[in-house]
Ligand code: PEP
Ligand code: MG
């Protein structure tokens with residue numbers, strides 16, 4: 001009897017099909033499927049609460065009363081199936097499966113054929129008249145139970161099984177006879193005895209008890225914990241696993257039986273066709289483990305026409321009920337089709353987008369649902385590179401195109417080494433295996449792509465790679481993988497560990513060497529979906545771009561303007577860096593002005609090019625921000641070069657031309673270039689000249705030294721110290737805009753001032769802007785349309801938002817600096833030093849430079865928006881820090897009333913969809 005009134009065990013007929021937290025996704029579905037009339041084998045679910053009670057028990061006993069509930073359900077199951085658990089006649093066998101609220105494919109353990117022992121085995125053989133089937137089921141059960149519930153290493157069983165196959169002289173499992181399988185079962189029983197020191201448990205109820213505890217326990221196992229950590233599955237999302245106990249049905253009872261997995265649509269392309277694989281005369285794990293290569297479901301019509309018809313009907317039923325693409329498992333036992341489980345299909349982004357658009361057009365879902373079922377982050381997958389079609393390459397092997405995209409990396413033959421070389425040492429790695437198993441998961445995380453020589457499109461490798469958006473070629477049978485020798489042999493060629501290979505997961509081809517890739521194109525469906533997104537989104541999406549090339553790409557991705565053009569990136573162009581350096585080392589204002597006069601036309605050209613590309617959208621240009629020493633060489637390098645030059649000058653005296661040339665050849669590249677660059681010979685006078693120049697630069701570098709440059713002489717502070725620099729930039733922007741206006745190109749330049757903390761700073765810059773504008777207007781007779789505004793990236797700027805708003809037409813949150821300022825974490829150092837520790841030990845939930853800290857930084861933003869708009873209700877407000885491309889931050893920005901987000905070009909599609917999600921979810925709330 002239960003000690004409390006909490007019901008912990010539910011028959012499929014009685015469980016609430018919507019309560020995934022209590023019954024797990026699989027359990028809730030089995031209940032729902034049963035209740036909508038699908039042919040599900042009878043069974044029941046132990047709740048996740050029962051799991052948590054069990055895990056909390058120090059003695060690791062089932063919570064009081066639970067076992068009695070299980071026994072009562074087993075009795076009911078015996079009645080429904082007219083079979084007996086442990087009976088010599090018509091024995092009842094069950095599967096015991098895990099299933100939590102979040103789908104974690106292959107992450108926890110399943111036991112099949114539970115209830116088999118010497119007695120029930122005879123009963124199964126008698127009832128089915130099929131001895132081979134009986135022993136096959138028996139040996140499978142002993143191995144699974146031994147591995148999962150009794151912790152016996154799988155390798156012991158595999159070794160014995162290989163011996164059985166060798167003795168029988170066969171390669172495929174299906175070729176083994178009943179007596180071979182009997183031999184296997186007996187060997188397996190001995191393995192269990194030897195490895196555990198105890199006989200294999202014969203009592204079915206003892207088996208059941210051990211199995212339930214093992215499945216509950218697997219929730220805390222390494223594989224499951226790693227998976228949850230990797231995918232950020234918190235206890236609020238899934239806590240504990242349910243246990244599903246279900247009557248076994250058998251797909252391995254002859255040619256009128258089979259098993260398979262299906263998707264209601266193609267998960268690789270999204271095409272509206274029934275998709276999947278099956279095997280005749282086989283059990284489910286044969287398909288999942290890739291032991292035999294399954295047939296496509298399209299062949300079922302020929303093998304079993306009536307079953308193919310029923311499967312089509314099942315597909316329609318599932319989609320019309322769930323309104324979502326389903327990934328389901330089925331078994332056919334002697335011409336009866338059973339649906340064993342169904343869940344929402346995991347698809348790559350291409351398929352997710354296509355099915356969204358097509359299901360909306362079919363009237364299955366609404367536009368809002370179509371948008372919401374695509375995770376914004378997943379769109380990045382659609383921007384994955386493809387192999388350059390121009391690359392003339394020949395594949396060495398081909399397999400199934402199991403997960404699209406292309407990747408190059410060094411071949412590595414096991415998951416541990418993949419982790420070591422990929423994650424720890426930073427190599428690009430391709431994991432190459434015969435087939436993969438759930439315990440290889442860490443190798444997936446560390447790899448760019450996965451190649452297997454066995455298994456189908458629904459093998460473990462394929463499913464997991466698709467979920468992660470990594471490319472995968474599966475079942476490349478022409479490749480012989482020798483894991484021990486770390487080599488793969490393909491016909492008369494081979495590649496070994498460390499050799500570079502390339503996979504094309506879209507075509508299934510494998511290449512030797514590294515092959516160039518090209519940027520992907522938008523699909524029509526993505527264009528449609530993003531158009532719908534723009535229709536519902538409130539917040540606009542702009543891009544952070546500094547060059548016409550980036551700007552063009554941002555436009556292609558749907559940006560409606562540039563929200564941040566960092567002018568310092570233009571200064572770093574190799575052609576103009578020497579001028580920038582001249583400007584910095586200038587000792588007098590005249591010298592500086594001379595350098596700036598050379599920079600002006602270049603900058604003007606930069607800005608005009610951006611305006612032309614982006615017309616008629618706005619372009620926000622930020623005046624110079626970083627400390628100017630960033631453009632100068634490093635102090636130690638200069639000291640080293642001066643010493644070398646001094647030595648060179650000494651050696652140069654009295655040399656022949658040849659001697660001079662040879663001496664110069666021995667100098668370091670930089671010094672040789674500096675000296676050579678003058679007159680292509682080693683002249684002591686010239687070396688002296690170079691030394692003088694470098695010493696001057698060294699003095700400048702030392703005079704510009706700051707202890708905390710990021711909190712030092714940068715941004716508007718620099719602008720006010722050297723007015724000529726900002727004035728040159730302002731002139732370049734306004735002149736470029738005036739030129740465009742003159743040429744009939746619509747432009748909306750916006751001048752943005754960085755690092756502002758007081759309105760006085762803005763007033764000073766504004767005065768320069770107005771003066772230069774007046775001058776241009778007087779000259780051209782036409783005003784330039786532009787806006788003036790400020791970055792908000794300093795805490796004081798948030799606190800003084802009212803006074804800043806009086807001087808600005810727009811605010812742009814620089815949340816990179818604002819995060820640094822709000823936490824007092826140096827963004828250059830924090831991520832290498834203490835932030836990993838902070839996030840791992842949960843001092844902080846997330847790295848605030850990646851995930852916007854809504855409670856702190858967000859609060860500052862909210863106040864700044866409120867106060868800014870209190871004096872200027874139409875103040876335009878956006879964000880241009882890295883957070884601007886992150887869906888959660890976008891939702892927050894939408895909530896506090898920002899007008900736009902600005903993010904890197906490739907994230908624009910992600911941001912557009914996230915903006916739509918924000919609007920839709922806000923409307924729902
Ligand atoms: C910011 O601080 O968020 C910002 C956009 O400026 P930067 O990263 O260039 O300092
Ligand atoms: Mg900044």
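Residue numbers (UniProt numbering): 1 to 925. Note that the Cβ used here is the ideal one computed from N, Cα and C, for glycine as well.
- Taken through DSSP and simplified to helix, strand or coil, residue 152 comes out as coil.
- Sequence-distant partners of residue 123 (beyond 5 residues in either direction) whose C-beta falls short of 8 Å from its own C-beta, in its chain, are 87, 88, 89, 90 and 91.
- For residue 878, the enclosing beta strand (DSSP E) covers residues 876 to 879.
- Exclusion of the five residues before and after residue 95 leaves 112, 246 and 248 as the residues of its chain whose Cβ lies within less than 6 Å of its Cβ.
- Going down the chain, each residue whose beta-carbon is closer than 6 Å to a heavy atom of the ligand PEP shows up: 564, 566, 625, 793, 814, 815, 816, 817, 880 and 881.
- The stretch 759 to 786 is shown to contain whole alpha helix (DSSP H) runs of 4 or more residues at 759 to 780, in chain order.
- The three-state secondary structure of residue 740, taken from DSSP, is helix.
- Taken in chain order, the complete beta strand (DSSP E) segments of 3 or more residues contained in the stretch 348 to 430 are 400 to 403 and 406 to 412.
- In the structure shown, the three-state DSSP call for residue 460 is helix.
- Residue burial annotation: residue 690 is buried, with at least 16 other C-beta atoms found within 10 angstroms of its C-beta.
- Under the three-state reduction of DSSP output, residue 809 falls in the coil class, being neither helix nor strand.
- DSSP, read as helix, strand or coil, puts residue 653 in coil.
- When C-alpha distances from residue 71 are compared across 82, 229 and 208, the shortest belongs to 208.
- For residue 791, the Cβ falls inside the 8 Å cut-off from some heavy atom of the ligand MG.
- Exclusion of the five residues before and after residue 38 leaves 339 as the residues of its chain whose Cβ lies within less than 6 Å of its Cβ.
- If you draw a straight line from the Cα of residue 166 to the Cα of residue 260, it is about 28 Å long.
- Secondary structure note for residue 798: its alpha helix (DSSP H) is the uninterrupted segment 795 to 799.
- Note that the stretch 814 to 831 touches the stretch 787 to 801; at least 3 beta-carbon pairs, one per stretch, sit closer than 8 Å.
- Relative to the ligand MG, residue 755 has its C-beta within less than 8 Å of a heavy atom.
- The C-beta distance from residue 641 to residue 694 rounds to 6 Å, short enough to meet the 8 Å contact threshold.
- Around the beta carbon of residue 549, fewer than 16 other beta carbons sit within 10 angstroms, so the residue counts as exposed.
- Three or more beta-carbon pairs separated by less than 8 Å are not found between the stretch 710 to 719 and the stretch 586 to 595, which leaves the two stretches without contact.
- Inter-residue distance for residue 103 and residue 762 is about 53 Å (C-alpha atoms, whole angstroms).
- Taking 9 Å as the cut-off, the Cβ atoms of residue 137 and residue 176 do not count as close.
- In its chain, beyond the 5 residues on either side, 280 and 281 have a beta carbon closer than 7 Å to the beta carbon of residue 255.
- When 341, 702, 336 and 337 are compared, the shortest CA-CA separation from residue 326 is found for 341.
- With a contact defined as Cβ atoms closer than 8 Å, residue 45 and residue 242 qualify at about 5 Å.
- Between the stretch 502 to 516 and the stretch 564 to 584 there are fewer than three C-beta pairs closer than 8 Å, too few to call the two in contact.
- Between the alpha carbons of residue 6 and residue 69 lies a gap of roughly 11 Å.
- Sequence-distant partners of residue 733 (beyond 5 residues in either direction) whose C-beta falls short of 7 Å from its own C-beta, in its chain, are 607, 621, 749 and 751.
- With a contact defined as Cβ atoms closer than 8 Å, residue 660 and residue 614 miss out at about 53 Å.
- Note on the stretch 285 to 337: whole alpha helix (DSSP H) runs with a minimum of 4 residues are 300 to 303 and 305 to 322, in chain order.
- Per DSSP, reduced to three states, the secondary structure at residue 721 is helical.
- A residue is called buried once 16 or more other Cβ atoms fall within 10 Å of its Cβ, and residue 129, having fewer, is exposed.
- With respect to residue 383, residue 906 sits close: the two C-beta atoms are nearer than 9 Å.
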